[in-house]
Structures are given as C-alpha cells and as structure tokens.
C-alpha cells in the first residue's frame with residue numbers, strides 16, 4: 017500500500033466538512049482551532065478528534081490540556097493520528113497518556129476520469145434528493161440500512177434539512193428505488209478538492225442485489241459531472257465492494273481510544 021499524503025489530507029478535511037453539518041444541533045459540538053479539530057455528539061455521528069497540530073516545547077502538557085477540555089463534554093473519544101499531525105511521535109505520546117490503539121477504518125481512493133457505465137440492476141433507479149419529502153424517505157431507508165431506530169438517525173435528517181439542496185449545497189444524497197420501494201441510500205460530500213462518499217446503506221431485505229454498488233457508482237458520476245477528479249471513502253467491512261468499483265486502499269487509520277477514568 018502506497019500512501020498518498022495529499023489525498024489522505026484532502027479526505028480528512030472532507031471528513032471535517034461532513035461533521036460540520038451537524039454542529040450546534042442535538043447538543044453536538046464541532047470545535048476547530050489552530051491545534052485541534054473534533055466533534056462531540058455523545059451519540060450519532062460519534063465523538064472523533066480528527067486534527068492535531070501542537071507546536072512548542074511541551075507537547076505532553078498540551079495533550080493533557082486537550083484531554084481535560086474534552087472531558088468537560090464527554091467520557092469517550094476516538095482520536096485519529098495522521099502522518100502529517102504534529103508532533104511526529106504523537107502515537108507514542110498518546111500511548112503514554114493511557115490511550116489504547118484500536119483497529120481503524122481503511123481509507124480508499126479512486127480516480128474519476130474513467131468510470132464504469134452507469135448500468136443499474138433490473139427494476140432499480142436512483143433519485144437525487146432535492147426536497148424535504150424526498151429527504152424524509154432518505155432518512156427512513158438510511159436508518160433501516162444501518163439498523164437504527166429512525167429517531168436515532170434524526171441527526172442526519174436535521175443536518176441535511178438545514179444544509180439544503182441545489183447548486184450551492186456541498187452535500188448531496190441519493191435514494192435507490194426497487195420498483196416503488198426505497199431500499200438504498202448514500203451521501204456525497206464535495207469539499208477540500210475531493211468527493212467523499214458516506215453512509216452507503218441497503219435495507220436488510222434488499223441486500224446482495226447490487227444496489228449499494230449502483231448508488232455508489234451514481235455518486236461517482238455526479239462527482240465527475242461537478243468537476244471532481246478523485247473520490248475517497250472510509251470503510252471497515254466493505255473493502256471488496258469498493259475494490260470492485262475501482263477503489264484502492266490508500267491508508268489505514270491509526271486510531272486511539274480515550275475513556276475518562278471511572279470515578
């Protein structure tokens with residue numbers, strides 16, 4: 017695996033753009049300053065620290081201060097360490113502070129110049145979400161695909177409702193229909209010079225029929241139409257699906273888990 021740091025950085029920044037959509041609703045906090053960027057939701061879409069740049073002669077003291085600040089808002093956080101974070105020995109310093117390393121997702125990338133033809137399974141069609149009634153259908157099928165109660169998935173509906181639709185929106189969403197039934201969903205984040213594919217799901221009763229592949233390929237064509245040249249995504253258990261679409265593994269997350277000490 018060859019790591020293209022420019023692509024990893026672009027997808028990291030795209031990931032931040034995704035999380036910004038959730039800020040200040042349902043108690044979700046997205047914090048960004050010169051040193052760090054993190055989201056705390058204490059529920060979906062999770063608690064993540066995605067950028068660390070610490071300068072100066074006392075990085076351990078600053079890391080401890082960051083953890084103390086995070087502890088004001090939550091009792092647990094996943095902390096991603098990137099090759100371009102500072103200090104360079106961040107992983108060792110986090111271990112020394114008691115964080116433990118966990119298996120992170122795989123980050124995959126694909127050039128968009130040459131895409132497979134947009135062929136669909138029989139009886140299947142893809143619809144771009146362009147209004148609130150369609151977004152409500154997206155919300156329902158996405159919750160079904162991820163095995164969530166619809167109320168738990170409301171943070172996505174509210175974030176995308178606030179963001180809106182049309183030419184100025186950088187978040188796009190699609191629904192896959194099998195006949196008259198919505199069965200698949202996915203989102204596309206166009207930010208930081210890369211097309212980020214997120215939250216691809218298929219309803220449990222409609223899996224293994226090529227629907228996830230179809231909605232993902234539709235997003236790739238949309239991204240290319242918008243002038244994007246590279247797509248990226250994160251996955252834990254669907255590597256084969258995306259390899260069959262031409263994605264290649266570009267990086268594996270170095271993930272650390274922090275939990276507040278039990279009182």
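Numbering (our numbering), first residue to last: 17 to 279. Ideal placement from N, C-alpha and C gives every residue a C-beta, glycine not left out.
| request: May I ask you to report which of helix, strand or coil DSSP gives residue 250? | output: Strand.
| Backbone secondary structure at residue 88 - three-state DSSP | DSSP places residue 88 in coil when its eight states are reduced to three.
| task | Identify, in the order they occur along the chain, each residue of the same chain with its Cβ nearer than 8 Å to the Cβ of residue 189, setting aside the five sequence neighbours on each side. | result | Close CB contacts of residue 189 within its chain, under the 8 Å cut and outside five residues either way in sequence, are with 144, 145, 151, 154, 176, 201, 202, 203 and 204 (chain order).
| task | Kindly indicate which residue of 271, 139, 27 and 91 has the alpha-carbon position closest to the one of residue 192. | result | Checking every option, the nearest Cα to that of residue 192 belongs to 139.
| task | Please report the Cβ distance between residue 61 and residue 38, rounded to the nearest whole angstrom; I am assuming they are in contact, meaning their Cβ atoms lie under 8 Å. | result | Contact between residue 61 and residue 38 holds, with the beta-carbon distance rounding to 6 Å and staying under 8 Å.
| Where the beta strand (DSSP E) through residue 198 begins and ends | Element bounds for residue 198: 197 to 207.
| query | CB-CB under 7 Å to residue 90, same chain, minus the five flanking residues each way: which ones, in chain order? | reply | Hits under 7 Å: 56, 58 and 63.
| query | Just curious, the beta strand (DSSP E) that residue 216 is in, first and last residue? | reply | According to the DSSP assignment, residue 216 belongs to the beta strand (DSSP E) that extends over 210 to 218.
| query | For residue 241, which of 48, 128, 95 and 86 has the nearest alpha-carbon? | reply | Checking every option, the nearest Cα to that of residue 241 belongs to 128.
| query | Considering residue 146, what are the terminal residues of the beta strand (DSSP E) in which it resides? | reply | Counting along the chain, residue 146 falls outside any beta strand (DSSP E), and DSSP gives it neither H nor E.
| message | Taking the alpha carbon of residue 226 as the reference point, which residue from 52, 199, 93 and 109 has its own alpha carbon closest? | response | Considering only alpha carbons, the answer is 199.
| field | Collapsed DSSP secondary structure at residue 238 in the structure displayed | value | In this structure, DSSP gives residue 238 a helical state, which the three-state scheme calls helix.
| task | Quick one: grab the DSSP three-state call for residue 52. | result | Strand.
| request: Please classify residue 160: is it buried, with 16 or more other beta-carbons within 10 angstroms of its beta-carbon, or exposed? | output: Residue 160 is buried by the Cβ-count criterion.
| Mapping DSSP to helix, strand and coil, what is residue 191? | Three-state DSSP puts residue 191 in a strand.
| query | Taking the alpha-carbon positions, what's the residue 99 to residue 42 distance? | reply | Near 32 Å, if we compare the C-alpha coordinates of residue 42 and residue 99.
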